[in-house]
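Under this note's numbering, think of the first position of the sequence shown as 8, with each following residue one higher.
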Amino acid sequence: MRLRSFGLTLLIFVLILTSAACSSGKTDAKPAAGSGEKYTFKLAHITPTDHMWHKAAEKFKEELDKRSGGRMQLEIYPASQLGTEADMVQQISSGSVDFGFITAAYMSSRAPAFTAWFAPYAFKDLEETNAARDTEIAKKILGTLDSQGIKGLDYVFAGNRVMLFKDKEVKKPEDMKGLAFRVTPSPPLQDFYKSMGASPESLPLPEVYAAIQTGVIDGMDMDLDATITNKYYEVAKYGAVTNHMVWPAVAMMNKAKYDKMSDADKKIIDESIKAAADYSAKTRASQEEEFKKTLSDKGMKIYEIDQKLFEPYIKQFDEKYSSTDPLIKEFMDTFRK
């Protein structure tokens with residue numbers, strides 16, 4: 008009887024030790040890097056949900072969730088739901104919105120160094136443009152936002168800029184003379200078109216379709232992505248695929264919130280936005296021919312204009328803007344080869 012009692016006691020003791028060991032194993036397991044605080048972030052941008060920038064925002068959301076083990080969640084507000092870009096930047100600066108994809112065109116009115124990205128024909132293609140994101144000068148330009156309470160994280164590219172015309176096939180820059188042309192309200196873009204004799208019009212994006220349909224404007228500076236998503240092919244007969252300027256969104260975050268995060272959580276943010284930006288550029292680069300065919304199939308005449316015809320206007324742009332900011336000059340010196 009004593010032997011049975013001793014055996015039972017020994018069995019119970021062994022079970023207790025095993026349970027303690029398992030429990031200890033769970034406690035001592037290393038947590039995921041940066042684990043701790045949970046976040047629900049907000050991100051705002053201007054494009055519709057089928058545009059590449061929104062798809063990049065969705066990729067960013069996916070990467071944050073995956074890399075943080077679910078601690079970082081992202082709410083996305085597309086299509087100017089939170090107001091104009093000026094409104095969004097103010098919200099990001101104040102902290103009521105955490106992230107934004109804001110056009111470099113708009114940001115050039117707040118931080119002039121972003122003008123550098125609009126140097127006409129600075130890059131051969133989107134792959135070359137995307138590689139420029141990692142250069143020292145590109146990072147210096149992002150750093151100019153620090154004083155505005157904004158952390159510049161990266162650049163997210165859509166397609167390069169093209170020219171759409173209502174009913175005139177423009178074959179050379181001089182054919183632009185006298186045309187009312189919708190251009191994003193950014194000094195470098197407007198100056199480029201003024202130099203060719205066009206009259207830039209700064210219409211809000213929601214008004215552009217009706218404006219070209221009714222003849223208020225004769226054409227617009229646009230990208231192929233938005234030409235398709237906004238159905239501009241219905242009201243513009245001609246599309247000159249000039250790819251004359253790149254079109255970055257500046258990926259940004261409220262600086263105070265970023266600075267308060269742990270180094271591990273900052274790394275998650277940085278790596279997630281990099282993954283989203285890479286995804287955006289590589290996906291969009293592979294769509295160029297597809298988009299041109301789509302527009303041709305929709306009835307738009309798609310054609311090219313020889314870059315050499317723009318050389319006087321490229322030179323004029325460079326001479327004017329390289330002297331306005333040392334970062335712009337450094338950018339041009341880096342990429343004008």
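Even glycine gets a Cβ: it sits at the ideal position worked out from N, Cα and C.
For residue i, collect the residues of the same chain with a Cβ closer than 8 Å to its Cβ; drop the 5 residues on either side in sequence, then sort them by chain order.
i: Asp230; result: Ala165, Gly166, Asn167, Arg168, Val169 and Trp254
i: Leu334; result: Ala120, Ala123, Ile144, Lys147, Ile148 and Thr151
i: Phe48; result: Leu71, Met79, Gln80, Leu81, Glu82, Asp105 and Phe106
Starting from residue i, follow the alpha helix (DSSP H) in both directions and report where the run begins and ends.
i: Ser103; result: Unbroken run through Ser103: none, as it is neither H nor E.
i: Phe298; result: Glu295 to Asp304
i: Tyr200; result: Pro194 to Ser202
i: Ile335; result: Pro333 to Phe342
i: Tyr113; result: Ala111 to Met114
i: Phe67; result: Met59 to Arg74
i: Ser4; result: Residue 4 lies beyond the residue range present for the chain, which begins at 8 and ends at 344; the question has no answer from this structure.
i: Pro319; result: Glu318 to Tyr328
i: Asn137; result: Leu133 to Ala138
i: Ala256; result: No alpha helix (DSSP H) contains Ala256, which is instead part of the beta strand (DSSP E) from Pro255 to Asn261.
i: Leu231; result: Leu231 to Thr236
Span of the beta strand (DSSP E) holding residue i?
i: Gly246; result: Tyr245 to Ala247
i: Lys178; result: Careful: Lys178 lies outside any beta strand (DSSP E) and carries neither H nor E.
i: Val215; result: No beta strand (DSSP E) holds Val215; the alpha helix (DSSP H) holding it covers Leu212 to Gln220.
i: Ile83; result: Met79 to Tyr84
i: Leu149; result: Where Leu149 is concerned, there is no enclosing beta strand (DSSP E), although the alpha helix (DSSP H) it sits in stretches over Glu143 to Gly150.
i: Asp161; result: Ile157 to Phe164
i: Ala129; result: Per DSSP, Ala129 belongs to no beta strand (DSSP E) and is neither H nor E.
i: Ser206; result: Ser206 to Glu208
i: Arg168; result: Arg168 to Phe172
Residue i and residue j: beta carbons closer than 8 Å?
i: Glu65; j: Ile83; result: yes
i: Glu208; j: Phe188; result: yes
i: Ala256; j: Ala138; result: no
i: Ala118; j: Leu81; result: no
i: Leu212; j: Ile224; result: no
i: Ala282; j: Leu160; result: no
i: Gly156; j: Met183; result: no
i: Met114; j: Val104; result: no
i: Asp325; j: Met339; result: yes
i: Leu71; j: Met59; result: no
i: Gly102; j: Asn261; result: yes
i: Ser202; j: Gln314; result: no
i: Lys327; j: Asp198; result: yes
i: Thr341; j: Thr142; result: yes
Assign residue i to buried or exposed, taking buried as 16 or more other Cβ atoms, counted over all protein chains shown, within 10 Å of its Cβ.
i: Glu297; result: exposed
i: Ala263; result: exposed
i: Thr34; result: Annotation note: pLDDT 33 at Thr34 (below 50); position unreliable, coordinate value reported separately. Thr34 comes out exposed.
i: Lys131; result: exposed
i: Lys62; result: buried
i: Ser269; result: exposed
i: Ala120; result: buried
i: Gly77; result: exposed
i: Pro180; result: buried
i: Lys68; result: buried
i: Pro319; result: exposed
i: Gly226; result: buried
i: Thr234; result: buried
i: Glu92; result: buried
i: Ser100; result: buried
i: Ala291; result: In the sequence under discussion, the amino acid at residue 291 is Arg, which differs from the Ala named in the question. Its Cβ being crowded by 16 or more others within 10 Å, Arg291 is buried.
i: Gly4; result: Because the chain in this structure spans residues 8 to 344, residue 4 falls outside the shown range and cannot be described.
i: Ala28; result: Reliability of the predicted coordinates at Ala28 is poor, the pLDDT of 39 falling under 50, and the value obtained from them is presented with this limitation in mind. Result: exposed.
i: Gln88; result: exposed
Which same chain residues, not among the five before or five after residue i, have their C-beta less than 6 Å away from its C-beta?
i: Pro55; result: Ala86 and Thr236
i: Tyr265; result: Lys158
i: Glu176; result: Tyr245
i: Asn250; result: Asn167
i: Lys299; result: Ile309
i: Ser206; result: Ala187
i: Ala218; result: Leu210 and Ile224
i: Glu311; result: Val248
i: Gly14; result: With a pLDDT of 44 at Gly14, under the threshold of 50, the modelled position of that residue is not reliable, and the figure given next carries that caveat. Nothing listed; no residue qualifies.
i: Gly185; result: none
i: Gln98; result: Val104
Whole-angstrom Cβ separation of residue i and residue j, contact assumed at under 8 Å?
i: Val248; j: Lys173; result: No, Val248 and Lys173 are not in contact; Cβ-Cβ is about 17 Å, not under 8 Å.
i: Leu133; j: Ala288; result: 6 Å
i: Pro192; j: Phe317; result: Between Phe317 and Pro192 the Cβ distance is about 22 Å, and since that is not below 8 Å, they are no contact.
i: Ala284; j: Arg140; result: 7 Å
i: Asp228; j: Val190; result: 5 Å
i: Phe125; j: Leu50; result: Rounded, the Cβ-Cβ distance is 24 Å, inconsistent with contact.
If you drop the 5 nearest sequence neighbours on each side, which residues of the same chain put their C-beta closer than 7 Å to that of residue i?
i: Arg74; result: Ile275, Glu278 and Ser279
i: Thr352; result: Outside the shown range of the chain, which is 8 to 344, sits residue 352, and nothing can be said about it.
i: Asp57; result: Thr236
i: Tyr240; result: Thr234, Leu302, Lys305, Gly306 and Met307
i: Ile109; result: Glu92, Met95, Val96, Ala256, Val257 and Met259
i: Tyr286; result: Ala63 and Lys66
i: Ser329; result: Ile335, Lys336 and Met339
Counting contacts by CB-CB distance shorter than 8 Å, is residue i in contact with chain B?
i: Thr136; result: The structure shown contains no chain B; it is built from a single protein chain.
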